[in-house]
Amino acid sequence: MKFSVNCSLQYDVATDTTLILNIEAQRNAGQNILAERFSISSGVPTDSHVVPETGNRYRRMVLPFGQHQISYTADIETMPFVGDPGQIAQVPVAALPFDVFGHLSPSRYCQSDKLGRFAWRTFGDIANGHEKVTAICNWIFENVDYLEGSSDVSTSAYDTFTLRAGVCRDFAHLGITFARALGIPARFVSAYALDLIPQDFHAVFEAYLGDRWYLFDATRLCPIDGIMRIGIGRDAADSAFASYFGQLSGPPKLISVKRIDDQPPSAWTVQAVSISAN
Numbered sequence: 000m001k002f003s004v005n006c007s008l009q010y011d012v013a014t015d016t017t018l019i020l021n022i023e024a025q026r027n028a029g030q031n032i033l034a035e036r037f038s039i040s041s042g043v044p045t046d047s048h049v050v051p052e053t054g055n056r057y058r059r060m061v062l063p064f065g066q067h068q069i070s071y072t073a074d075i076e077t078m079p080f081v082g083d084p085g086q087i088a089q090v091p092v093a094a095l096p097f098d099v100f101g102h103l104s105p106s107r108y109c110q111s112d113k114l115g116r117f118a119w120r121t122f123g124d125i126a127n128g129h130e131k132v133t134a135i136c137n138w139i140f141e142n143v144d145y146l147e148g149s150s151d152v153s154t155s156a157y158d159t160f161t162l163r164a165g166v167c168r169d170f171a172h173l174g175i176t177f178a179r180a181l182g183i184p185a186r187f188v189s190a191y192a193l194d195l196i197p198q199d200f201h202a203v204f205e206a207y208l209g210d211r212w213y214l215f216d217a218t219r220l221c222p223i224d225g226i227m228r229i230g231i232g233r234d235a236a237d238s239a240f241a242s243y244f245g246q247l248s249g250p251p252k253l254i255s256v257k258r259i260d261d262q263p264p265s266a267w268t269v270q271a272v273s274i275s276a277n
């Protein structure tokens, strides 16, 4: 599948500010960048870096006083692996690859140590791995209201579980938390997503099952095979689309994602889809 992505950011800078962006789509075995362009209206130089362990792409710049328009456009091709949910098992911790262990532990926004008893009582009897994580997503979808403005950058999975309201970031954190509590490695994914209304950056999560990472989206707001990965991490603290050191402000970001091939649109929201084994 092929997609066109457009991301436009505007910043009004009060004093010299260092800005670090993670808005450029990843390159991996299941996702290829056909063409892309990054530009800044003020022409300030940028440094770029790809983290080998995650594939996250960072762009750093120092913005002087004034207004700056930042644009990122890309044509992206995804080659998702689609599995049979009934055949995708949970991997015993004793058999997990060592490089996924870090995604079993509690993290800043995902306090799996606080929600373990609830997770085991609610989902522990489900034997199949993919069905177990799908049940987690179903519970979140049915019991947590998707409500703009109900959370902020300090909201954790435990807060979301208590308040029963949040946005995509909070839904992903809660899914990660439940999965980790059950011994399933899970990680946060920032993404571009097809058919998201209104268009914005999206947050989902991946769980390690069988021999690869599978995508899950408890919001059910977009087709699961219409997700393009930007960044991954233990939680949102590891994959924020923008971090800055200084003073800046600006209007809401503008995001656009469109299909650019002739394949029929997908309605999948709970299929077993993976865009990377790593």
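Read in order, the letters of the sequence shown are residues 0 to 277 in numbering that gives the first Met the number 0. Glycine residues also receive a C-beta, built at the ideal position from the N, C-alpha and C atoms. The model shown is predicted, which means the values in this text are computed figures rather than measured ones.
Contacts around residue i, its chain only, beta-carbon distance under 6 Å, and the 5 residues preceding and following it disregarded
i, result
"G128", "I87, A88, Q89, L208"
"V49", "R56"
"I125", "K131, A134"
C-alpha distance - residue i paired with residue j, whole-angstrom precision
i, j, result
"F64", "V152", "26 Å"
"L195", "P91", "35 Å"
"S265", "A190", "17 Å"
"Y10", "D210", "42 Å"
"F132", "N5", "The displayed chain sequence assigns Val, not Phe, to residue 132. Computed Cα separation, rounded: 31 Å."
"S248", "Q198", "20 Å"
"G148", "A156", "16 Å"
"T14", "S41", "15 Å"
Residue i CB to nearest heavy atom of the ligand ZN below 8 Å
i, result
"D158", "Of the ligands one can find in the structure shown there are none, so the ligand ZN has no counterpart to examine."
Beta-carbon proximity list for residue i, same chain, < 8 Å, skipping 5 on both sides
i, result
"A325", "Nothing about residue 325 can be reported from this structure: the residues present for the chain run from 0 to 277 only."
"T45", "F37, I39, R58, R59, M60"
Bridge partners - residue i, DSSP secondary structure assignment
i, result
"K252", "Answer by DSSP bridge pairing: none, since K252 is not bridged."
"D144", "A164"
"M0", "None; M0 has no bridge partner."
Residues near residue i by beta carbon distance below 7 Å, same chain, minus five either side
i, result
"F160", "L114, L173"
"S111", "P105, T176, R179, A180"
"G225", "A192, L193, D194, S265"
"N142", "R163"
"Y108", "S155, A156, H172, D234, A235, A236"
Within-9 Å CB hit, residue i to chain B
i, result
"M227", "Looking for chain B here will not work: only one protein chain is present."
Discussion item. Give the list of continuous alpha helix (DSSP H) stretches no shorter than 4 residues that lie fully inside the stretch 96-129.
Written reply: Whole alpha helix (DSSP H) segments, 4+ residues: 115-122.
Worksheet item: Can you find at least 3 beta carbon pairs, one from the stretch 164-176 and one from the stretch 213-222, that sit closer than 8 Å?
Response: yes
Worksheet item: Taking the runs of the alpha helix (DSSP H) that are 4 residues or longer, which of them lie wholly in the stretch 10-78?
Response: none
Item to complete: Would you list, in sequence order, the uninterrupted alpha helix (DSSP H) runs of no fewer than 4 residues that lie entirely inside the stretch 160-200?
Response: 167-180
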